[in-house]
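Here the structure is laid out as structure tokens; the discussion comes afterwards.
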Amino acid sequence: MNYTRMVSKYEQQTTVTNEQIAESKTRISGAEEITRIVEVRMKEIATLLTRATITAEEKTKLTKEETENKAKIEAQKNIVNQETKNMVGYDSTIITLSTTIKSFKNHIKEVKVVIKSLEKKVSETKQALKSK
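Just add 26 to the spot in the sequence shown (first one is 1) and you have the numbering used here.
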């Protein structure tokens, strides 16, 4: 496979990785929004539980909801942590791909200069042979 095709392949991988970064950011944003909403409800539950007029049935129901909400918050925190780790990996991949692409493009440029030089020498040799 030649270097030009490899550059094209690496540029496609860069595009895919950038899309993965965008997806991770979206998941993080969604998880943070869900956490914010659930935390607001947790504050409401805490206030309701402190009411003097709360019945045992209401208290049981609210306590159950509070437990479920804690689990939801934990799940969302796990999503944020996992997607943050994924993004670190994606960033590393982008850096590697960018470095490789730059290196290959420089190599292509150098090869073009060598080819041009060789073509010139071939042409000069042909001219020298014709003149003999």
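Virtual Cβ for every residue (Gly too), placed ideally from N, Cα, C.
| Query | Result |
| --- | --- |
| Local conformation of residue 62 per DSSP, three classes | helix |
| Segment limits, alpha helix (DSSP H) that includes residue 107 | 82-156 |
| Beta-carbon contacts of residue 74 that lie in its chain and below 6 Å, excluding the five residues immediately before and after | 88 |
| Own chain partners of residue 60 with C-beta closer than 6 Å, once the 5 adjacent residues on each side are dropped | 102 |
| Residue burial classification, residue 109 (beta-carbon count within 10 angstroms, cutoff 16) | buried |
| Residue 31 to residue 50 span [Cα, whole Å] | 29 Å |
| Ordered list of alpha helix (DSSP H) runs contained in the segment 28-77, each at least 4 residues | 29-75 |
| Neighbourhood of residue 112 by C-beta distance below 7 Å, restricted to the same chain and skipping five residues each side | 50 |
| Straight-line gap, residue 131 to residue 33 (C-alpha atoms, nearest Å) | 7 Å |
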